[in-house]
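Q: Protein chains in written order, with full-length UniProt numbering: chain A, 1 to 250; chain B, 1 to 250; chain C, 1 to 250; chain D, 1 to 250; chain E, 1 to 250; chain F, 1 to 250.
Protein chains: 6
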Amino acid sequence: MTETVRADGRKNSQMRPVAIERGWSAQAEGSALISFGNTRVLCTASFTPGVPRWLKGQGTGWVTAEYSMLPRSTNERMQRESVRGKIGGRTHEISRLIGRSLRAVIDTKALGENTIVIDCDVLQADGGTRTASITGGYVALADAIAWARAEGHIAKNAAPLTDSVAAVSVGIVGGTPMSDLAYVEDSRAETDMNVVVTGSGDFIEVQGTAEGMPFKRAELDALLDLALVSAAELTLLQGKVLAEALAESR
Amino acid sequence: MTETVRADGRKNSQMRPVAIERGWSAQAEGSALISFGNTRVLCTASFTPGVPRWLKGQGTGWVTAEYSMLPRSTNERMQRESVRGKIGGRTHEISRLIGRSLRAVIDTKALGENTIVIDCDVLQADGGTRTASITGGYVALADAIAWARAEGHIAKNAAPLTDSVAAVSVGIVGGTPMSDLAYVEDSRAETDMNVVVTGSGDFIEVQGTAEGMPFKRAELDALLDLALVSAAELTLLQGKVLAEALAESR
Amino acid sequence: MTETVRADGRKNSQMRPVAIERGWSAQAEGSALISFGNTRVLCTASFTPGVPRWLKGQGTGWVTAEYSMLPRSTNERMQRESVRGKIGGRTHEISRLIGRSLRAVIDTKALGENTIVIDCDVLQADGGTRTASITGGYVALADAIAWARAEGHIAKNAAPLTDSVAAVSVGIVGGTPMSDLAYVEDSRAETDMNVVVTGSGDFIEVQGTAEGMPFKRAELDALLDLALVSAAELTLLQGKVLAEALAESR
Amino acid sequence: MTETVRADGRKNSQMRPVAIERGWSAQAEGSALISFGNTRVLCTASFTPGVPRWLKGQGTGWVTAEYSMLPRSTNERMQRESVRGKIGGRTHEISRLIGRSLRAVIDTKALGENTIVIDCDVLQADGGTRTASITGGYVALADAIAWARAEGHIAKNAAPLTDSVAAVSVGIVGGTPMSDLAYVEDSRAETDMNVVVTGSGDFIEVQGTAEGMPFKRAELDALLDLALVSAAELTLLQGKVLAEALAESR
Amino acid sequence: MTETVRADGRKNSQMRPVAIERGWSAQAEGSALISFGNTRVLCTASFTPGVPRWLKGQGTGWVTAEYSMLPRSTNERMQRESVRGKIGGRTHEISRLIGRSLRAVIDTKALGENTIVIDCDVLQADGGTRTASITGGYVALADAIAWARAEGHIAKNAAPLTDSVAAVSVGIVGGTPMSDLAYVEDSRAETDMNVVVTGSGDFIEVQGTAEGMPFKRAELDALLDLALVSAAELTLLQGKVLAEALAESR
Amino acid sequence: MTETVRADGRKNSQMRPVAIERGWSAQAEGSALISFGNTRVLCTASFTPGVPRWLKGQGTGWVTAEYSMLPRSTNERMQRESVRGKIGGRTHEISRLIGRSLRAVIDTKALGENTIVIDCDVLQADGGTRTASITGGYVALADAIAWARAEGHIAKNAAPLTDSVAAVSVGIVGGTPMSDLAYVEDSRAETDMNVVVTGSGDFIEVQGTAEGMPFKRAELDALLDLALVSAAELTLLQGKVLAEALAESR
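1) Report yes or no: do the segment 129 to 138 of chain C and the segment 153 to 169 of chain C share at least 3 C-beta pairs separated by less than 8 Å?
2) Are any of the Cβ atoms in chain F nearer than 8 Å to that of His146(E)?
3) Do you know offhand how far Trp147(C)'s Cα is from Lys156(A)'s?
4) Determine contact between the segment 113 to 122 of chain E and the segment 69 to 88 of chain F, defined as no fewer than three beta-carbon pairs at a distance below 8 Å.
5) Where does the unbroken beta strand (DSSP E) through Val184(C) begin, and where does it stop?
6) Can you tell me whether Val184(D) is buried or exposed, with buried defined as 16 or more other CB within 10 angstroms of its CB?
7) Using a Cβ-Cβ cut-off of 8 Å, state whether Asp202(C) counts as contacting chain D.
8) Would you report the Cα separation of Val63(A) and Met15(A), rounded to the nearest angstrom?
9) Applying the criterion that 16 or more other CB atoms from any shown protein chain within 10 Å of the CB defines a buried residue, is Glu248(F) buried or exposed?
10) Whole angstroms are fine: how far does the CA of Pro214(C) sit from the CA of Arg80(C)?
11) Should Thr39(B) go down as buried or exposed, given a rule of 16 or more other Cβ atoms within 10 Å for buried?
12) Residues of the segment 69 to 85 of chain B in Cβ contact with chain I at a cutoff of 9 Å, in chain order, please.
13) Only counting runs of 3 or more residues, tell me where the beta strand (DSSP E) segments fall wholly within the UniProt domain "Exoribonuclease phosphorolytic" (14 to 144) of chain A, in order along the chain.
14) At least one CB of chain A closer than 8 Å to the CB of Met1(F): is that the case?
15) Could you check if Gly152(F) is buried or exposed, using at least 16 other CB atoms within 10 Å of its CB as the buried criterion?
16) With DSSP collapsed to three states, give me the class of Gly239(D).
17) With which residues is Ser169(B) paired in a DSSP beta bridge?
18) For Ser25(C), which residues in chain D fall below 7 Å Cβ to Cβ?
19) Specify whether the segment 187 to 206 of chain A and the segment 81 to 95 of chain F touch according to this definition: at least 3 beta carbon pairs, one from each stretch, less than 8 Å apart.
20) Rounded to the nearest angstrom, what separates Leu234(D) and Ala19(D) at their Cα positions?
21) For the beta strand (DSSP E) that Ala210(E) lies in, which residues bound it at each end?
22) Terminal residues of the continuous beta strand (DSSP E) containing Met178(C)?
23) Would Lys56(C) pass as a contact of Lys86(B) if the rule is Cβ separation under 8 Å?
24) Out of Ser35(D), Ala110(D), Phe47(D), state which residue places its alpha-carbon closest to the alpha-carbon of Met78(C).
25) Are the beta-carbon atoms of Ile116(D) and Ala45(D) separated by less than 8 Å?
26) Any Cβ of chain D within less than 8 Å of the Cβ of Glu66(C)?
27) Measure the alpha-carbon distance for Met1(A) versus Pro177(A) and round it to whole angstroms.
28) Closest to Thr129(D) by CA distance: which of Gly174(D), Asn194(D), Val206(D) is it?
29) Assign Ala146(E) to one of three DSSP states: helix, strand, or coil.
30) Looking at the C-beta of Asn114(D), does it have a partner C-beta in chain C at a distance below 8 Å?
31) In its own chain, which residues sit with a C-beta less than 8 Å from the C-beta of residue 254(F), not counting the 5 before and 5 after it?
32) Name the chain C residues whose beta carbon is nearer than 8 Å to that of Thr176(B)?
33) Is any heavy atom in the ligand ADP found nearer than 7 Å to the beta carbon of Gln27(C)?
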């Protein structure tokens with residue numbers, strides 16, 4: 001793989017600066033303001049005892065997610081989906097992806113009959129909003145579970161989290177595989193791939209799309225290599241942020 | 001008026017700490033993150049050349065506003081209006097109030113055939129979200145107008161802003177008139193009044209509502225007195241923030 | 001205050017002819033067809049034993065209101081909100097105002113676990129539809145409460161109505177404060193104020209809006225003076241209409 | 001056919017008292033408040049020069065209708081369709097029936113490129129609301145056409161109305177065919193038929209429905225006989241009302 | 001009645017080739033793919049034990065129907081109603097007609113507290129889709145009832161079907177009454193009539209509409225004559241198809 | 001990889017019987033009824049000269065797709081999305097996937113300013129509805145393009161199709177990678193992957209999801225191997241069906 005200098009000077013395998021501010025919200029049971037460069041997403045986790053009617057009495061919990069963009073998070077103002085009166089396909093798709101990704105590291109039996117809703121609201125968008133949402137959403141989720149254990153909603157010895165989860169977008173731009181695409185890169189990528197990875201390095205979701213030319217198996221492999229490296233970096237940062245929170249709480 | 005000590009130690013006529021961070025958004029033509037205590041609202045102003053079809057060819061501009069709350073800006077998570085598929089009465093009412101209040105200080109002829117949309121998204125709610133939105137919305141609006149003048153969309157000598165505008169909620173709580181009600185105060189107020197005031201100290205909007213007992217004329221007068229004082233403080237702060245921006249831009 | 005001759009020959013403090021026909025509907029538990037000049041609103045009160053689910057078991061009743069305009073109540077036909085598939089902001093706002101105003105004179109404990117819905121349908125609109133709705137809505141409400149007491153749904157000695165309520169729109173037109181604005185006046189008013197007043201002369205709601213220039217405190221005071229006089233006249237008429245109904249029923 | 005005494009003392013072939021008040025609305029180009037006994041429908045005709053986009057340039061006009069019931073026009077309050085956010089099947093069906101029936105007597109070429117919308121709003125419902133709507137709608141339509149001719153929107157010698165139209169509901173109740181069913185009769189009818197008839201006595205629409213037992217051809221014939229008689233009475237009344245209007249206008 | 005040669009060579013009283021394939025669906029409790037010439041409708045009957053909440057505990061069942069057209073069942077592609085976000089008036093009207101027609105031959109007491117939903121999805125449309133839906137819907141309904149009896153959901157000796165039902169569209173085209181109109185005939189018919197008839201030859205529904213000129217009573221009679229003949233043919237075919245199914249099941 | 005015997009006796013790498021009936025619809029410009037075992041999808045391609053407004057004047061065409069399931073295509077009847085008033089997330093997601101996959105083999109310049117809408121309506125669902133839709137959708141698309149060339153809407157020498165496209169679902173069930181999952185397999189798969197492949201064997205889309213345990217890279221590789229084999233079989237069948245059509249048309 002040739003090393004290209006990217007618009008912002010990054011190396012191909014290099015993510016933008018990532019920051020996670022845990023506990024941003026004074027009201028939510030868990031929260032994190034995450035940024036991947038100029039992309040900023042506010043993730044909150046709302047914990048409620050009890051589950052939706054269709055799950056009652058089964059001893060299992062429920063985790064779901066909703067994604068949304070502020071109307072002026074983008075370069076051009078978008079109409080609000082509440083004003084349009086319906087949610088668009090892209091929003092639905094991303095909300096479902098975030099929910100699936102977070103549920104993949106949840107042991108719903110250990111969670112008990114409790115519900116956690118993760119809201120990911122994009123305050124500013126510059127590519128990678130869905131992967132930032134999953135990565136920040138995990139921190140909010142872990143935060144809420146810690147809260148629920150402290151409050152006695154979850155047993156002290158229960159371990160609802162089976163692993164951690166992080167996500168990164170990778171792509172082929174001008175023939176070169178790159179990690180963590182910014183908007184200008186994403187919009188001219190030939191192939192775009194979102195990869196959701198556990199802390200253990202296994203895959204939860206792989207979504208690769210040819211935006212221009214179909215892609216070859218070797219390209220797919222190169223993209224997966226990049227994604228695993230970046231995801232491992234995110235896993236480290238998530239661990240650090242949560243460890244600090246734990247230290248503070250003692 | 002007896003002086004009461006309020007839950008957070010404030011005096012009756014005292015506002016919560018107010019902060020305005022102009023230019024929060026890297027993308028919007030104007031923006032401000034405003035906080036009244038724990039209430040935090042992100043205000044963006046989106047400037048577009050041109051006007052809606054029904055205004056074309058009249059040489060006048062258009063300013064409108066949309067208000068929304070993030071689902072977990074409140075103590076209990078609310079359902080998103082995009083998910084419900086319709087905008088509630090309260091949201092409509094506040095969006096219309098913000099729009100009217102900002103238009104009241106705009107000379108639409110001087111604005112020319114340009115449109116500015118002010119989005120006020122409540123990130124965290126603790127009472128006074130509509131008054132914070134108007135106050136912060138004005139800063140975003142002024143910011144966008146400065147941008148548009150610099151970019152040549154508005155003539156150098158045009159003055160679309162005829163005055164500034166700020167808003168405050170006042171109310172009678174436990175028989176005592178108080179300024180800038182926090183949520184715990186607002187929820188047990190007998191009378192709640194939102195007052196929108198120009199920098200010159202005249203009224204744009206007065207909306208007083210008896211939540212419990214009907215209110216007397218003397219009470220109305222006491223509330224207006226408080227509102228004028230607090231609005232003047234906000235006017236000063238708005239001026240300071242915009243002056244600093246001007247200084248930086250030179 | 002200078003005395004101006006208005007388009008229809010009225011004095012500034014003079015309301016248009018007001019008529020209230022109690023019992024217009026053969027089916028509703030309470031009803032009134034009210035006219036303020038050419039503005040005609042059909043108000044019905046629907047009484048149902050029981051309350052919405054979220055109020056059950058608390059021993060308190062519920063009063064709410066819905067406002068709507070017939071598509072050709074106006075000079076130009078408007079699209080039906082049922083056809084548009086959603087209710088507009090103005091309709092929501094007025095429905096909420098009517099509901100709040102009527103609830104302000106209801107002792108919900110004395111009402112018991114009963115629900116009253118007030119429907120205000122504008123058959124013809126010529127300014128002041130929301131104030132006519134509140135004034136006529138009160139008569140329909142009182143009518144339904146009398147019915148419910150006669151039918152035994154409310155105890156004979158219970159007094160759910162704590163006062164009466166009437167409303168009037170006042171405004172500054174061409175620099176002069178005037179009462180009960182007709183449409184032609186309203187559309188060129190500099191300031192428009194809707195005032196909801198109890199029979200005892202206290203305020204339930206004060207909503208003043210600068211349509212053109214911001215308004216001064218002295219102007220606000222002059223408008224409130226006018227509103228209190230007109231509201232007192234409406235209170236008298238409401239009392240007369242209800243007294244006649246009582247006389248007939250004996 | 002046996003002669004039965006009906007609940008309200010009518011003969012089987014007898015309609016309830018029918019009244020038509022032409023020109024009820026001060027704003028609409030044509031209007032009529034029609035009553036069939038306790039059923040009361042406000043019909044307005046809104047005339048607009050021009051036609052919908054898909055008809056432009058063809059030299060033909062457009063007539064359409066909308067039907068709606070006030071929420072408390074019925075014995076039990078119904079939810080508003082604007083609140084439900086959608087129009088029900090019955091409303092759609094009746095609106096389409098009224099529109100088709102009125103268009104059947106319109107020469108759209110003679111109408112020119114003009115649009116007339118007939119709104120039929122049921123103020124009080126006691127059976128026969130759709131037939132009253134068609135019958136009253138015709139008067140409002142004729143009224144609007146007279147207005148349009150007087151205003152010069154339609155040529156003096158053009159004759160957009162090719163005939164008159166009236167409608168009546170007939171049915172078999174307790175084995176006996178009856179005309180103009182009131183709600184108590186309609187709700188226990190075995191067969192219900194709505195018949196729309198021109199002034200010349202031909203059929204525009206025949207809609208017969210077995211509510212209980214299927215009906216025989218002889219029963220169908222008896223119902224059509226009744227319908228033609230009642231429709232002829234309505235035709236006479238329509239003519240009288242419009243003749244009086246013509247006399248007044250001279 | 002003159003005998004005309006129709007576009008496809010049929011006689012006036014002749015239906016297009018009719019075919020009914022019972023049991024098309026591997027999943028539904030009852031199903032039939034019916035064709036009237038090029039018109040093809042897939043009818044499925046979904047049987048569920050239990051009834052909607054408002055019917056519970058009354059010992060009666062419920063039968064309802066939904067009609068829909070695939071977007072490209074027609075010559076020009078139509079927008080999906082799911083995409084438009086609402087169901088059009090025509091769809092509502094036809095769904096209601098199918099439901100009423102099928103319920104007319106159901107003894108809901110004998111059905112017991114069970115629900116059957118008939119879905120009629122038009123795969124290809126060439127006139128007569130609603131009459132094909134009723135005719136095929138009956139076969140699916142009878143199929144589902146046989147299934148439910150075999151499964152023990154309905155008592156062996158219960159007879160929920162009181163008769164059979166079939167439907168045909170007839171009309172006057174170029175002055176001549178004709179049966180089973182194809183789309184090209186239907187679109188230029190002066191009068192169009194849908195007639196729903198029981199196996200015993202009585203009427204369930206008669207819906208005649210003047211599309212051009214009003215129609216005379218003699219024309220109505222001629223159309224009914226045609227309809228009864230065609231309906232009798234459909235009844236025979238339905239019986240044959242169901243008899244074969246019965247034979248196979250033994 | 002161990003060879004397992006599957007519920008229906010298939011080998012792990014074996015698809016269910018696949019059938020494609022080109023030209024099923026008499027009305028659409030292109031169509032195919034495709035079945036993967038019991039899964040049956042009707043795919044139609046609607047060709048219209050011209051493009052949506054936002055594409056006009058750029059000399060490029062537009063291809064889009066809509067996916068929907070009949071309410072009783074599944075084991076339990078689902079509510080229609082038209083009745084719910086909104087399209088669900090899953091439907092949106094699949095429609096977008098089909099559209100992207102087909103556009104990936106379209107040269108929009110060569111297509112010219114023409115629009116093709118592919119409708120994929122699932123008549124019966126037994127797993128793999130989205131992959132059958134893509135595979136059948138391609139045949140309908142190619143069919144419509146052949147029609148458009150024959151009709152002169154596309155130049156004889158233009159080649160809008162750059163390749164063919166087929167799709168298959170693969171997954172890990174009980175630890176074993178398998179191709180073309182039927183519903184019973186899909187519902188208990190640990191990993192589910194939809195793979196869209198060009199006729200040349202390159203990837204257009206790879207969507208792998210861990211339904212239970214996260215999956216390893218080796219598992220991902222095994223699934224891709226299976227998918228490429230099955231896709232090659234589908235490519236062969238598509239080519240055969242289209243070649244026969246070509247032969248017939250000569």
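Just so you know, even glycine gets a beta-carbon here, dropped at the ideal spot from N, CA and C.
A: Taking the definition as stated:
1) yes
2) In the sequence under discussion, the amino acid at residue 146(E) is Ala, which differs from the His named in the question. Ala146(E) does not count as touching chain F.
3) 59 Å
4) yes
5) Here Val184(C) belongs to no beta strand (DSSP E); instead the alpha helix (DSSP H) covers 183 to 186.
6) exposed
7) no
8) 28 Å
9) exposed
10) 34 Å
11) buried
12) In the structure shown, chain I cannot be found, because the protein chains are A, B, C, D, E and F.
13) 18 to 22, 30 to 36, 39 to 49, 62 to 69, 114 to 124
14) In this prediction, Met1(F) has a pLDDT of 46, which is less than 50 and means its spatial position is unreliable; what the coordinates show is noted afterwards. Not an interface residue.
15) exposed
16) helix
17) Asn194(B)
18) Arg72, Gln124
19) no
20) 10 Å
21) 203 to 210
22) 176 to 179
23) no
24) Phe47(D)
25) yes
26) yes
27) With a pLDDT of 46 at Met1(A), under the threshold of 50, the modelled position of that residue is not reliable, and no figure is offered here.
28) Asn194(D)
29) helix
30) no
31) A query on residue 254(F) cannot be resolved here, the shown segment of chain F reaching from 1 to 250 and no further.
32) Neighbours of Thr176(B) on chain C: none; closest Cβ ~18 Å, over 8 Å.
33) What this structure holds is no ligand at all, so the ligand ADP is not there to describe.
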